[in-house]
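This report concerns only the one structure given below.
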Amino acid sequence: MRNRVKRVLRECFRLHQALLPPAVDLVIVPKRHLKPEQLDLAAATREFLPLLKEIGGYVVLRREQNACPDISRDGIAAPGGLEPETASGVKA
Numbered sequence: 001m002r003n004r005v006k007r008v009l010r011e012c013f014r015l016h017q018a019l020l021p022p023a024v025d026l027v028i029v030p031k032r033h034l035k036p037e038q039l040d041l042a043a044a045t046r047e048f049l050p051l052l053k054e055i056g057g058y059v060v061l062r063r064e065q066n067a068c069p070d071i072s073r074d075g076i077a078a079p080g081g082l083e084p085e086t087a088s089g090v091k092a
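Okay, so the sequence shown: first residue is 1 according to the numbering used here, each after it adds one.
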């Protein structure tokens with residue numbers, strides 16, 4: 001029965017893995033009270049799909065933040081990674 005759970009979860013992931021960016025590893029632990037005979041692909045998708053979308057959005061957001069280290073405290077990109085200066089030449 002455990003193999004059935006693994007097979008259904010694997011198929012669910014395979015069908016929806018395009019929602020995740022490449023190079024993302026997931027560890028899935030089935031709920032303890034899960035009865036393998038009650039699990040089908042539709043039920044797994046109902047539970048799994050919102051999580052995949054959330055994880056995918058979070059990973060993309062984190063990568064975008066890490067790719068833009070030149071953002072100042074104000075959220076304004078400074079050229080060359082320097083802090084933006086005011087008209088008087090004093091750093092903001």
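The C-beta atom is built at its ideal place from N, Cα and C for all residues, glycine as well.
* Asked: Hey, H16 and L52: beta-carbon distance below 7 Å or not?
  -> yes
Between which two residues does the alpha helix (DSSP H) containing R32 stretch?
R32 -> no alpha helix (DSSP H), and no H or E assigned at all.
>> With a threshold of 8 Å on Cβ separation, who are the neighbours of A2 within its own chain once the five nearest residues in sequence on each side are excluded?
In response: In the sequence on display, residue 2 carries Arg and not Ala. So the qualifying residues of the chain are P36.
Taking buried to mean at least 16 other C-beta atoms within 10 Å of its own C-beta, is V29 buried or exposed?
exposed
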